[in-house]
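Numbering (the numbering used here), first residue to last: -18 to 373. Glycine included, each C-beta is placed from N, C-alpha and C at the ideal position.
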Amino acid sequence: MPYVVYFILCGVGGLLFSFTNIFISWMLGALVVGSLVAFFQPDFLNLKRAANMIPASWNWSGLAILGVQLGLYFNMTLIKTLSTYWLIILAMLVLTIIFALITGFFFFYFTKTDLLSGFIATAPGGMTAMPIIAQEVGANVVTVTVTQVLRTVLVTSTFPVLLSFFGGYGSSTPENLTMSYNSYFIPLTLGQLGWTVFLSALAILGAVTFKKLKIPVPWLLGVMVTVAIFNLIFDQLAPTATLWWPHWALPVAQLFLGACIGANMQRKLFRDAKAVIVVGIISSLALVIVLGALSILVASQTQLDMITSILAFSPGGVAEMAVTAVELGADSTFVVSVQIIRIMAVLLILPPLFQVLRKYFLKEEKENHQQTSWYRKGYLVREESEKRGRNS
């Protein structure tokens, strides 16, 4: 019962936020409500228990739905884009990860957070996925969430305004980036439902396989990779096939993830929040400026217009940059393609790296603890020997 009440409250929060037209409003609303419950720990209807013991299935469900959503973007249009600009995209991707790690170290140095949390907080892998990855590897979820939100808000609130002064340069018609699907509330035909069931079974199989292989965040990465492969194959073998993927799927995923992340917002985690916010803004601003400058350089050396280049390589979200591209008349196909490639690459490359770093830090901590124990033990032995010598 407390879990039902907690989820309903998170749903109400998501619904209220949805009226603001803020991106990922359902997740933010659920996150705010969940954070309030976790922070104040109310005994009303045993909500304290719900916030402290969130079912793991909620996390899996949200990640799986998000994985399907990302995987459906991956088709031949994305492959063509990659083949045309692969060198530029690869160079920008490497530079993005390098600068993200540098800002992560900067974040760690000027705050009291750990280095792993600093790296995850500044990694441009998406505001939805990175807090979940932080939770998976034992990093500070509050630090990661706050920093990711700050960067996304910074990008989405400044880039559209600044770029609107330059007008639109692109006028290409955006291509469909996903397998054909209908987004009605319920499937219109049994065939559409059949494709959905088949894809869901494959996605679960992919997640289980990734879990067996001990790949981090299997319910996101396994599902995303499986759906991407499915999309590429059936885009060629069955181009007329239509999948049922309802429009309410992503809000439901946002509710699950927001409720899970919010439950981690315990009072004890908000120490030094001021430093996290200040350094988070500075590090995010530095990353945005560097990538913006590199994007302008790319535009000057290629046939890409400046607006398309900046939106494609900015550390924002797919939906936010896609909407901005359409509004400004940029090449939205290229923008979405590059954003998806960046997020997929970050989600595939960084989580294993974070796992390695986590094991390294745990090993270092264990060795330091042993050295401290040995030192203390030796000190006590010497002290006891000196005491005996004085007594004799």
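Quick one: what does DSSP say residue i is sitting in, helix, strand or coil?
{"i": "tryptophan 229", "result": "coil"}
{"i": "aspartate 95", "result": "coil"}
{"i": "glycine 172", "result": "helix"}
{"i": "proline -17", "result": "helix"}
{"i": "valine -7", "result": "helix"}
{"i": "aspartate 24", "result": "coil"}
{"i": "lysine 195", "result": "coil"}
{"i": "alanine 104", "result": "coil"}
{"i": "leucine 53", "result": "coil"}
{"i": "isoleucine 69", "result": "helix"}
{"i": "asparagine 245", "result": "coil"}
{"i": "phenylalanine 0", "result": "coil"}
{"i": "glycine 10", "result": "helix"}
{"i": "isoleucine 35", "result": "coil"}
{"i": "alanine 240", "result": "helix"}
{"i": "glycine 48", "result": "helix"}
{"i": "alanine 120", "result": "coil"}
{"i": "phenylalanine -12", "result": "helix"}
{"i": "asparagine 157", "result": "Low confidence applies to asparagine 157: its pLDDT is 44, below 50, so where it sits in the model is not reliable enough to give any reading."}
Quick one: measure Cβ to Cβ for residue i and residue j, integer angstroms, because I've assumed they're closer than 8 Å.
{"i": "leucine 28", "j": "valine 14", "result": "No, leucine 28 and valine 14 are not in contact; Cβ-Cβ is about 10 Å, not under 8 Å."}
{"i": "alanine 11", "j": "glycine 239", "result": "3 Å"}
{"i": "leucine 135", "j": "valine 269", "result": "6 Å"}
{"i": "phenylalanine 88", "j": "serine 295", "result": "Not really, about 19 Å apart at Cβ, beyond 8 Å."}
{"i": "tryptophan 226", "j": "leucine 53", "result": "7 Å"}
{"i": "leucine 201", "j": "leucine 76", "result": "Their Cβ separation, rounded to whole angstroms, is 25 Å, which puts leucine 201 and leucine 76 out of contact at 8 Å."}
{"i": "alanine 267", "j": "threonine 133", "result": "Rounded, the Cβ-Cβ distance is 16 Å, inconsistent with contact."}
{"i": "proline 112", "j": "isoleucine 277", "result": "No, proline 112 and isoleucine 277 are not in contact; Cβ-Cβ is about 31 Å, not under 8 Å."}
{"i": "isoleucine 423", "j": "alanine 120", "result": "As shown, the chain starts at -18 and ends at 373. That puts residue 423 outside it, with no answer to give."}
{"i": "glycine 43", "j": "proline 232", "result": "Going by Cβ atoms, the distance from glycine 43 to proline 232 rounds to 11 Å, so no, they are not a contact pair."}
{"i": "threonine 289", "j": "valine 271", "result": "The Cβ separation is near 19 Å, so there is no contact."}
{"i": "alanine 280", "j": "glutamine 320", "result": "Rounded, the Cβ-Cβ distance is 16 Å, inconsistent with contact."}
{"i": "leucine 331", "j": "glycine 106", "result": "6 Å"}
{"i": "cysteine -9", "j": "leucine 236", "result": "6 Å"}
{"i": "alanine 81", "j": "alanine 104", "result": "5 Å"}
{"i": "threonine 92", "j": "valine 260", "result": "5 Å"}
Taking the alpha carbon of residue i as the reference point, which residue from the options has its own alpha carbon closest?
{"i": "leucine 285", "options": "Pro296, Ile262, Ala311", "result": "Ala311"}
{"i": "lysine 340", "options": "Leu183, Leu97, Ala267", "result": "Leu97"}
{"i": "glutamine 247", "options": "Phe(-2), Arg30, Gly(-8), Ile114", "result": "Arg30"}
{"i": "isoleucine 322", "options": "Ala280, Ile(-11), Leu9, Met57", "result": "Met57"}
{"i": "alanine 230", "options": "Gln217, Thr170, Val49", "result": "Val49"}
{"i": "serine 265", "options": "Pro(-17), Ser(-1), Leu236, Leu131", "result": "Leu131"}
{"i": "alanine -15", "options": "Pro36, Leu174, Leu334", "result": "One point to set straight first is that residue -15 is valine, not alanine, in the sequence displayed. Nearest C-alpha to valine -15: Pro36."}
{"i": "alanine 256", "options": "Thr128, Leu63, Met302, Gln282", "result": "Thr128"}
{"i": "leucine 63", "options": "Trp7, Ser16, Met325", "result": "Met325"}
{"i": "glycine 99", "options": "Leu174, Val279, Val122", "result": "Val122"}
{"i": "threonine 94", "options": "Ala110, Ala115, Phe80", "result": "Ala115"}
{"i": "alanine 234", "options": "Trp39, Ile(-11), Ile60, Phe20", "result": "Trp39"}
{"i": "glycine 175", "options": "Leu224, Ile210, Leu186", "result": "Leu224"}
{"i": "isoleucine 262", "options": "Met287, Lys347, Thr126, Leu144", "result": "Thr126"}
{"i": "glutamine 336", "options": "Leu(-3), Val118, Phe91", "result": "Val118"}
Does the ligand NAP have a heavy atom nearer than 8 Å to the CB of residue i?
{"i": "leucine 218", "result": "As far as ligands go, the structure on display features none, and thus does not contain the ligand NAP."}
**Q.** Runs of alpha helix (DSSP H) lying entirely within the segment 267 to 333, each at least 4 residues, in chain order
**A.** 287 to 294, 299 to 309, all fully within the segment 267 to 333.
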